[in-house]
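In order, the protein sequence lines correspond to chains A and B.
With this note's numbering, the residue at position 203 of the first sequence is 203, and numbering never jumps.
With this note's numbering, the residue at position 84 of the second sequence is 84, and numbering never jumps.
No residue lacks a Cβ here, since even glycine has one placed at the ideal position from N, Cα and C.
First up is the structure itself, then whatever we jot down about it.
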Amino acid sequence: MRKAIIFLILALFLLASCGQTSERGADINYKQGFVDLTINSAGNKEEFQEQRLELPVSLQNTVAYDIEDVVVSVKGFDNFYVELYDEHKELPKLEGKSIFNPEGMKEDVLFEGMIKKLLPGAEKQQQDYRVNVKYNSKVEFSPSICVTSQLNGQGSSYDTYQGACTFEKEISYDGQGAPLGVSNLEIIPHQGRQVELRMKIENRGKGTVGKVSVLTSAIGGKPLTCEFRSDTVENKVEFESGQKSVTLICAGYVGSDGTYTTPVFVELLYDYELDQKETMMILK
Amino acid sequence: MVDLGRLLKKAFIVNKQGFREFGSEAKSEKKESKDKSHPTIENFFSFQRDKPKPAMPRESGNYSRPWSSSFPSISKGGPSPRGPATTGIYIFLIIISAFGLLARSFVAYSPGKSFAISIILALFFFFGVRNTPEPKVKEGLVALTLGLDFAAQFVLGTSAGSAFENKMITLYVFAWVILAVILFLMGVLDTTGAGERLGKPATVMLILVLGTALFFLLPVIIQSPSFFQDVTHAEYFHIAKSELVKVAGTLDETKNFWYDYFTCTFSVFDGSLKYESCMENKRIGRYCEANFQTTADKQNCVLQQQELVKQGARPGIAGVVSDAIKQVTKVEMKEDQYFPKKATDSKTIYPIPLKVENPREQTFTAKVSCEFKGFTAKGEEKVPGIISIGGEEVNEVQINSKAQEYLIGCQPSADLKGRYTLDYTVMLSGMQTFSFIKRAFVSKEIDPKLRGQIEMDNFKTKADRTSQGPAEFALLNFKFGSGDGSSPLVTVEDPVTFSFAVEDVGTGSFKGEVQKINSYNFHGLWERGFNVDSEKIGDKDCLQGGEVLVNAALTKKREPSELRRCFLSLPADFSQLQKNAYKIETFVADLNYDYKITKSIPVEVTPLVVVS
């Protein structure tokens, strides 16, 4: 009898645990934080000369969005010592984290080649190389913000409780589940129902961002007109070497007068490149 | 002319009086005026300042008992060491600085010991000049020299290979001698300016200083009337001179130098005005005369030597010995306990083991010879020796196994008596070595961040940027790339220069010298698709070639002189690199050369006297 009770308790505990996990998976908002793709070079740290080289590289898309046109490369090997048959591998798509795939999609790529002979009299040779991943992806910024059409005498809004919500001129964000994301939003109400949104688009990943363009932008379901604060007036920009952030300015109209909460949706497309340094020792 | 001389003298005195301490002058003059019947005449001689003075604020360095009083006065003008008659101190400082020069050479310019020598020299100079007129100025000069000395040591120690390295070395080596000479000349001016006569030692030293200056300046002055308009000419003279000095040491021709110097200096009066080439041709002529038998060989030698001298003035190419190459060829000759340094048999055999480590199993030959050199009342005596290897009367062995040891015997061909230097010479023919260099090929358009990353990943140390080879006897140094080829990142759009040199890196208990390059092959480059760009100026046999004669002036330098230079065309896969694409590759080259090792051992032969 006692054994049956213990078994029942255990079974109930397991069931409860499983149920909680699935519920937690549904609750988790993956689209938060600044997150990078995970690269794992599973090759041997030591290889012997005049041997076939197999260099498995594992990618896990820990980003909250799908990544597309993925190109994985192995760069930086000294061709005198290592010859790779193919330096680039292409992957069509890697699904991002979601409730159906909480860990993100994982893909293994194998690079093959040949380790050549060491120099006469040499016993070992260290090779530094880099696993490089390039991809295209997107990031969505979809907060609900408090907007107001009431302005003070100077033409700027009151920073006080105005009605249904508290209007804040400037709000900080901790990413949207990708290496690139909006880290700061400035809301500037203008005359009438016009509103200006200034977004700081920041790369807090370890890689470099290439081109960024605005795919969709709307406030309360109404389209926004966006352009990057740069030399160009287009809705796309290219990050320069070492550049970490850019400002996106969007203008639009709110649906009604007064102070109320309304959804904003900005979808950005971007190119991204990430690499990871690896070391291999070639032995005689 | 006489008036001008007197005017100059007066000017000196006025100048000297101008250095006097304000206030003290008036006091002393008041006192002196009481004692002097002809103050104008008396004041003419500056040494009167050294007459006993009443108590007054002590000038720095003016001690009651001068330190320099222990030095003999060389001036005849008066015995006081505080007047201009202190040239003795300056001569002493010249001698001390010369000793300093010798001491530094003796300690091989090791940083710690050189630093200590600099301190000692500075102390001597400080105490010396404090007992001379106008000590402040001279102390300043000493402090400046000490500062320059330290700065030069620091710069040479921390940033070897800088553009000013040669100037720094010159400053570092000669700073104290130059200061001593300057101080001496100031002393001479003081003395003569005060109307005194120089003593004999000072006169001799002055002649020496002026003679040395004339030695270096005369050929330039005669040769280049438009000296200041043609700086390159002056540089050429110095290059030739330095080249000459280097070669002279190697070819043992110093004894002919003075003859050449005077012949060439005065032969310029015939209108040819070619001092450097005159000196160089004389040296080459003697060298080829001594080393080659037939007229054709001698003529060939002259042509090659002239070409080498031209190359000797070319830039150097750095290279380093690689720690990664563990298997290195070693040849060592070292006498053991059985070697008869003192013998009673006048024709005894002198055995010495020849140890060869040949881990890469190269095939080369070792040809051995020996000679006894002695000095007798008749002069130098040279007795050739008869070589035996492993007991057999042969003088040449082929080496091809990993480790071999031979017992070399040298028996004099004539009876010996007395002290000799036994020279064993081993000519290693067909030695093979290799070197390698790593380069990254990038496009001009590459992201600067990536460019930096490539450099950081691949060229962390100075050695990574230069060619490297095993620690053997000769090192094949080469470089190629954009600009002068020193940069490890080759921009594929730019012309690619290539050059190589051979460095003598043989070390051991012997004297060694690269004799000849038999062949060189930069197969790593041409096999990969690099070619000599025939449309641009350069040596056509840049990447592959045969015999090249070299000498110590070209090879025994930290950065040996380049032997060949050309432009290269890149293979297609490199020249087509765009944007952020890059390639990294190591290139290997082979060298076949002859190397001469000389081992010298003193021996003494005392034949037993047979008593009948």
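- For Asn477 (chain B), does the three-state DSSP call read helix, strand or coil? strand
- Alpha-carbon to alpha-carbon, Phe125 (chain B) and Ile95 (chain B): 11 Å
- Query: Is Pro688 (chain B) helix, strand or coil by DSSP?
  - Reply: The structure shown has nothing for residue 688 (chain B), since chain B only spans 1 to 612.
- Best match in B:Ala194, B:Arg197 and B:Leu185 for proximity to Thr206 (chain B) [C-alpha to C-alpha]: Thr is not the amino acid found at residue 206 (chain B); the sequence shown has Leu there. Comparing Cα positions, the closest option is B:Leu185.
- Using a Cβ-Cβ distance under 9 Å, would Lys438 (chain B) count as near chain A? yes
- Message: Is there a Cβ of chain B sitting closer than 9 Å to that of Gly25 (chain A), yes or no?
- Response: For Gly25 (chain A), the predicted model reports a pLDDT of 48, less than 50, meaning its position is unreliable and no value from the coordinates is stated.
- Query: How about Asp590 (chain B) and Phe473 (chain B): are their beta carbons less than 9 Å apart?
  - Reply: no
- Query: Between Asn235 (chain A) and Gly242 (chain A), what straight-line distance do the alpha-carbon atoms span, to the nearest angstrom?
  - Reply: 21 Å
- Query: Taking a cut of 7 Å between CB atoms, which residues from the stretch 236-264 of chain A lie near chain B?
  - Reply: Ser241 and Gly242
- Residues of the stretch 102-122 of chain A with a CB closer than 7 Å to any CB of chain B: list them in chain order, please. Leu119, Pro120, Gly121 and Ala122
- What's the call for Met431 (chain B), buried or exposed, on a 16-neighbour Cβ count within 10 Å? buried
- Query: How would you label Ala296 (chain B), buried or exposed, when you count the other beta carbons within 10 angstroms and need 16 or more for buried?
  - Reply: exposed
- Item | C-alpha gap between Asp66 (chain A) and Leu577 (chain B), whole angstroms | 31 Å
- Item | Per-residue DSSP class, three states only, for Ser443 (chain B) | coil
- Query: Nearest-angstrom Cα distance between Asp447 (chain B) and Asn580 (chain B)?
  - Reply: 6 Å
- Query: Under a three-way DSSP split, which group does Val142 (chain B) fall into?
  - Reply: helix
- Query: Does the beta-carbon distance from Val603 (chain B) to Thr421 (chain B) come in below 9 Å?
  - Reply: yes
- Message: Give me the subset of the stretch 41-66 of chain A whose CB atoms are less than 8 Å from a CB atom of chain B, sorted by chain position.
- Response: none
- Query: Do Glu561 (chain B) and Pro315 (chain B) have their CB atoms nearer than 9 Å?
  - Reply: It is worth fixing the name first, because residue 561 (chain B) is Ser in this sequence and not Glu. Yes, the Cβ-Cβ distance between Ser561 (chain B) and Pro315 (chain B) is below 9 Å.
- Query: Going along chain B, which residues have a C-beta under 9 Å from Asp128 (chain A)?
  - Reply: Asp457 and Asn458
- Can you check whether the CB of Glu107 (chain A) is closer than 9 Å to the CB of Leu91 (chain A)? yes
- Query: Who are Gln432 (chain B)'s beta bridge partners in DSSP?
  - Reply: B:Asn592
- beta strand (DSSP E) containing Ser245 (chain A): first to last residue? Ser245 to Tyr253
- Message: To be precise: take each residue of the stretch 210-222 of chain A, compare its Cβ to all Cβ atoms of chain B, and keep it if any distance is under 9 Å. Which residues remain?
- Response: none
- Should Met199 (chain A) and Phe141 (chain A) be called a contact, given that it needs their Cβ atoms to be closer than 9 Å? yes
- Query: Alpha carbon to alpha carbon, how far is Ala471 (chain B) from Asn136 (chain A)?
  - Reply: 51 Å
- Query: For the beta strand (DSSP E) that contains Lys355 (chain B), what are its first and last residues?
  - Reply: Tyr350 to Glu357
- Expected contact under 8 Å - CB spacing of Lys367 (chain B) and Gln411 (chain B) to nearest Å: Actually they are not in contact, since the Cβ atoms of Lys367 (chain B) and Gln411 (chain B) sit about 17 Å apart, beyond 8 Å.
- Task: Return no unless some Cβ of chain B is closer than 9 Å to the Cβ of Gly76 (chain A).
- Result: yes
- Query: Smallest Cα separation from Asn358 (chain B): which of B:Leu210, B:Glu332 and B:Lys373?
  - Reply: B:Glu332
- Query: Do you know how far the Cα of Asn395 (chain B) is from the Cα of Ser369 (chain B)?
  - Reply: 7 Å
- Item | Contact set between the stretch 464-488 of chain B and chain A, restricted to residues whose Cβ is under 9 Å from the partner | Pro470
- Task: May I ask you to report which of helix, strand or coil DSSP gives Thr259 (chain A)?
- Result: strand
- Item | Listed by chain order, chain A residues near Ala324 (chain B) by CB distance under 8 Å | Leu119, Ala122, Glu123, Lys124 and Gln125
- What number of angstroms, rounded off, separates the C-alpha of His190 (chain A) from the C-alpha of Gly255 (chain A)? 14 Å
- Leu283 (chain A) - DSSP class collapsed to helix/strand/coil: strand
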